[in-house]
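K.L.:
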Amino acid sequence: MGGVSDLSTIPSAEPVLRQLELTINRKLDGLVHGDHEGLVPGPGSENGGGRRYEPGDDVRRIDWNLTARSGDVQVRTTIADRELETWFVVDGTASVDFGTAIQEKRDLALAVVAAFGFLTARAGNRVAAVVYDADQLRVIPPVAGRDATLSLLAALHRRPRSSGGSASLADALRRVRRLARRRGLVVVVSDLLDHDEWMPELRSLAARHEVVVAHLADPREDDIPPVGLLTLVDPETGARAEVQTSSRRFRERYAQASRSRREAAIAEVRAARADLIAVSTDRDWLPDVVRHVARGRRRR
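For any residue, its number in this note's numbering is found by taking its place in the sequence shown, counting from 1, and adding 511.
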């Protein structure tokens with residue numbers, strides 16, 4: 512996954528991705544359209560020339576060389592960034608290869624990347640990704656166009672199942688922070704089950720970029736049915752534990768611990784001033800994404 516793949520080499524994946532694209536485009540058609548008119552309000556980063564200073568202008572924008580040549584105080588002007596660069600941080604760890612409802616969390620991850628990828632695949636806009644799994648961080652550099660989005664999705668679609676390891680969300684966020692030099696959009700797609708300190712890195716990214724966190728979940732992570740003695744295996748560490756699910760007290764403690772973990776992760780995302788989308792394997796993911804996009808359009 513070190514670069515953009517050729518879709519023609521994986522024909523079995525193509526129908527799935529084409530159908531996904533059609534579904535997303537039908538839902539989102541007309542909701543977001545046209546070129547990207549600047550990611551956030553305010554000046555952009557491209558040099559737009561100069562003009563005469565007016566009361567209220569930021570004195571830090573005074574262009575002293577232009578002022579000396581013209582004889583009047585001049586300020587630099589900038590053009591709003593119109594080409595959007597979207598970076599995806601995709602969780603490929605073993606906990607994402609899990610699902611007990613209508614799909615697995617890895618299917619949700621693919622769908623979320625597809626939605627934002629096709630949404631931002633406009634003229635000049637680029638998509639890139641950092642995918643982390645058991646073994647390593649894999650970087651897909653920024654490339655423009657719809658084909659780049661399809662190639663990224665193909666790489667995610669054929670990703671082998673993970674089996675534990677040391678790669679972490681914090682490492683992936685740190686890598687994006689170093690690579691995404693231009694202000695843009697960062698979409699984090701993860702179940703947030705990492706035990707490392709990812710919060711400072713998320714806060715640093717959100718200080719410069721627009722950040723959206725798509726939180727992947729499965730209902731069995733919050734509730735275990737009473738089915739007797741179970742042997743549970745941590746997919747990332749391999750640790751095993753036998754639990755008696757017939758015990759009401761155990762089920763209540765499990766549910767409380769799960770709620771506390773989820774609420775803590777959500778609180779950290781919001782404290783970083785990142786947007787949050789909750790998607791689950793037991794319901795249609797697309798309305799959650801559409802609602803988020805609609806809210807974003809109203810804000811802008």
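For glycine and all other residues, C-beta sits at the position ideal for the given N, C-alpha and C.
Using DSSP with H/G/I as helix, E/B as strand and the rest coil, what is D646?
P.N.:
Here residue 646 corresponds to residue number 135 of the sequence shown, with the count starting at 1. Three-state result, D646: coil.
K.L.:
Does H720 come out as helix, strand or coil in the three-state DSSP assignment?
P.N.:
If you number the sequence shown from 1, residue 720 lands on position 209. It is coil, neither helix nor strand.
K.L.:
What are the partner residues of I573, as DSSP defines its beta bridges?
P.N.:
Here the question's residue 573 lines up with position 62 in the sequence shown. DSSP, once it has assigned bridges, lists V586 as partnering I573.
K.L.:
Select from V638, A639, D733 the residue whose C-alpha is nearest the C-alpha of D702.
P.N.:
Here the question's residue 702 lines up with position 191 in the sequence shown. If we check each option's Cα against that of D702, D733 comes out closest.
K.L.:
What are the residues that DSSP puts in a beta bridge with F850?
P.N.:
The structure shown does not extend to residue 850, since the chain is modelled only from 512 to 811, so the question has no answer here.
K.L.:
Grouping DSSP H, G and I as helix and E and B as strand, with all else coil, what is H726?
P.N.:
Numbered from 1 along the sequence shown, position 215 holds the residue referred to as residue 726. Three-state DSSP puts H726 in a strand.
K.L.:
Excluding five sequence neighbours on each side, which residues of the same chain lie with their C-beta closer than 6 Å to the C-beta of A783?
P.N.:
Taking the sequence shown and counting its residues from 1, one reaches residue 783 at position 272. Result list for A783: L713, R714, A717, in chain order.
K.L.:
Thinking S606 and L704 are a contact (beta carbons under 8 Å), I'd like their distance in whole angstroms, please.
P.N.:
Counted from its first residue, the sequence shown places residue 606 at position 95. Counted from its first residue, the sequence shown places residue 704 at position 193. With 8 Å as the limit, S606 and L704 qualify as a contact, their Cβ atoms being about 5 Å apart.
K.L.:
Kindly give me the distance between the Cβ atoms of P730 and S791, rounded to whole angstroms, as I take these residues to be in contact under 8 Å.
P.N.:
As a working note, residue 730 is residue 219 in the sequence shown. As a working note, residue 791 is residue 280 in the sequence shown. Contact flag correct, Cβ pair sits at about 7 Å.
K.L.:
Could you check if I788 is buried or exposed, using at least 16 other CB atoms within 10 Å of its CB as the buried criterion?
P.N.:
In the sequence shown, the residue the question calls residue 788 occupies position 277. I788 should be labelled buried.
K.L.:
So, helix, strand or coil for Q614, using DSSP?
P.N.:
Locating residue 614 in the sequence shown gives position 103, where the first residue counts as 1. Q614: coil per DSSP, three-state reduction.
K.L.:
Starting from T660 and walking both ways along the alpha helix (DSSP H), at which residues does that stretch end?
P.N.:
What you label residue 660 is simply residue 149 of the sequence shown in a count that begins at 1. Where T660 is concerned, the enclosing alpha helix (DSSP H) stretches over 657-668.
K.L.:
Which residues share a DSSP beta bridge with R751?
P.N.:
Stepping through the sequence shown from its first residue, residue 751 is reached at position 240. Paired residues: V744.
K.L.:
Going by alpha carbons, who is nearest to F599 out of L690, V754, R762?
P.N.:
Along the sequence shown, one-based indexing puts residue 599 at 88. Out of L690, V754, R762, L690 has the C-alpha closest to the C-alpha of F599.
K.L.:
With a Cβ-Cβ cutoff of 8 Å, do Q585 and G561 count as a contact?
P.N.:
Within the sequence shown, the letter at position 74 stands for residue 585. Within the sequence shown, the letter at position 50 stands for residue 561. For Q585 and G561, yes; Cβs fall inside 8 Å.
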